[in-house]
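Peer 1: The sequence shown begins at 1 in UniProt numbering and counts up one residue at a time.
Encoded as structure tokens, here's the structure I'll be asking about.
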Amino acid sequence: MPCCSEGSAEREPMYFEDRYSRRIFISRVLMIVAINLLMTTLILTFCVFHMGARKFLLKHWYIGLVGLGIILIFSFLMCCCSFLFRSSPCKYILLVIYVLAHACVVCTAVVRYQPKLVFIAVASCAAIVVLLFLFARFAPCDFTGCWIFVFVFSLVVMIMGIVAILFPTIRIVYASLGVLLFCLYIVIDIQLIIGGRTHKGQFDESDYVLAAMMLYSDFVFLFIFLLDLIGLIDA
Numbered sequence: 001m002p003c004c005s006e007g008s009a010e011r012e013p014m015y016f017e018d019r020y021s022r023r024i025f026i027s028r029v030l031m032i033v034a035i036n037l038l039m040t041t042l043i044l045t046f047c048v049f050h051m052g053a054r055k056f057l058l059k060h061w062y063i064g065l066v067g068l069g070i071i072l073i074f075s076f077l078m079c080c081c082s083f084l085f086r087s088s089p090c091k092y093i094l095l096v097i098y099v100l101a102h103a104c105v106v107c108t109a110v111v112r113y114q115p116k117l118v119f120i121a122v123a124s125c126a127a128i129v130v131l132l133f134l135f136a137r138f139a140p141c142d143f144t145g146c147w148i149f150v151f152v153f154s155l156v157v158m159i160m161g162i163v164a165i166l167f168p169t170i171r172i173v174y175a176s177l178g179v180l181l182f183c184l185y186i187v188i189d190i191q192l193i194i195g196g197r198t199h200k201g202q203f204d205e206s207d208y209v210l211a212a213m214m215l216y217s218d219f220v221f222l223f224i225f226l227l228d229l230i231g232l233i234d235a
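See below:
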């Protein structure tokens with residue numbers, strides 16, 4: 001989830017010294033994201049097929065709210081205290097907590113759906129992510145400077161979420177907007193990671209953990225909104 005951290009948007013662009021340094025940075029980010037997604041997928045699969053885990057999470061649904069609260073706190077830290085995500089071992093401890101918080105949110109979400117719908121959402125999310133990566137890499141347009149639009153769009157989605165609680169009939173609109181929002185987040189974060197002089201902003205070379213956490217969060221919430229949308233369509 002993009003934010004105006006001191007590591008990307010607020011500081012003067014810090015272009016990588018050479019392409020090799022950028023490739024190393026991108027490799028680190030993608031490796032961390034892949035490990036995080038693998039761990040989350042294993043936990044998710046266990047919760048989907050283990051009846052005891054499903055019953056526990058359905059009964060203790062507030063675990064997801066706790067995880068969401070931790071994610072919101074981390075989002076604030078990413079924007080205001082991004083130096084925490086550059087120092088070892090602090091950044092790795094924060095990374096583990098962040099992944100566990102997302103696992104809590106995603107697991108309390110998936111147990112409400114049939115396994116078939118969960119894996120349709122996983123496959124759909126994977127296909128969309130590949131297309132978004134190709135678009136972000138080869139599209140001539142730069143999305144890294146769209147902070148005001150993203151902020152306004154995020155507020156609209158948040159308001160729609162509150163309205164959807166009061167009027168469940170518009171949940172499908174809320175889920176659709178959520179999918180669009182996180183598709184935009186993914187494109188922006190990928191362009192920030194790739195960097196280059198064609199983009200207004202990019203991550204600093206030391207921000208590989210921060211970049212991985214933001215991209216991982218985008219993937220997880222895209223999946224959650226897709227799952228909600230697929231579940232509503234199926235119903």
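Backbone N, C-alpha and C define an ideal beta-carbon position, used for all residues, glycine too.
Let's test the definition: count the other Cβ atoms within 10 Å of the Cβ of CYS104 and tell me whether it reaches 16, buried, or not, exposed.
Peer 2: Under this definition CYS104 is a buried residue.
Peer 1: Going by alpha carbons, who is nearest to CYS141 out of THR108, TYR92, GLN191?
Peer 2: The residue with the shortest Cα to Cα distance from CYS141 is GLN191.
Peer 1: Return the CA-CA distance between PRO115 and GLY178, expressed in angstroms with no decimal places.
Peer 2: Looking at the two C-alpha atoms, the distance is approximately 22 Å.
Peer 1: Do you know how far the Cα of ILE162 is from the Cα of GLU6?
Peer 2: Here GLU6 scores only 42 on pLDDT, less than 50, and its place in the model should not be relied on; the value that follows carries that caveat. Answer to the nearest angstrom: the Cα atoms are 31 Å apart.
Peer 1: Mind checking VAL130: buried by the 16 CB within 10 Å criterion, or exposed?
Peer 2: Result: exposed.
Peer 1: Does the beta-carbon of LYS91 have 16 or more other beta-carbons within 10 angstroms, so that it is buried, or is it exposed?
Peer 2: Buried: at least 16 other Cβ atoms inside 10 Å.
Peer 1: Out of VAL152, PHE223, MET214, ALA136, which one is the CA nearest neighbour of ALA175?
Peer 2: It is PHE223 whose Cα lies nearest to the Cα of ALA175.
Peer 1: Restricting to Cα atoms, I'd like to know which of MET158, GLY145, PHE46, PHE133 is closest to ILE26.
Peer 2: The residue with the shortest Cα to Cα distance from ILE26 is PHE133.
Peer 1: I believe VAL187 touches HIS102 by the beta-carbon criterion, under 8 Å. Please report the beta-carbon distance rounded to the nearest angstrom.
Peer 2: So it is not a contact: roughly 20 Å between Cβ atoms.
Peer 1: Cα separation between ALA235 and PHE153?
Peer 2: ALA235 and PHE153: Cα-Cα distance of roughly 27 Å.
Peer 1: Between VAL66 and the rest of its own chain, which residues show a CB-CB distance below 7 Å, the 5 nearest in sequence each way excluded?
Peer 2: So the qualifying residues of the chain are CYS104.
Peer 1: Can you tell me where the alpha helix (DSSP H) with LEU215 in it begins and where it stops?
Peer 2: It spans 208 to 234 - the alpha helix (DSSP H) in which LEU215 sits, taken as one unbroken run.
Peer 1: According to DSSP, simplified to helix, strand and coil, what is SER124?
Peer 2: Looking at SER124 - three-state DSSP - the assignment turns out to be helix.
Peer 1: Give the single residue among VAL118, ALA53, ALA212 whose Cα lies nearest to the Cα of ILE194.
Peer 2: ILE194 has its Cα closest to that of ALA212, out of VAL118, ALA53, ALA212.
Peer 1: State yes or no: is the C-beta of VAL33 nearer than 8 Å to some heavy atom of the ligand COA?
Peer 2: The ligand COA is not part of the structure shown, which contains no ligands of any sort.
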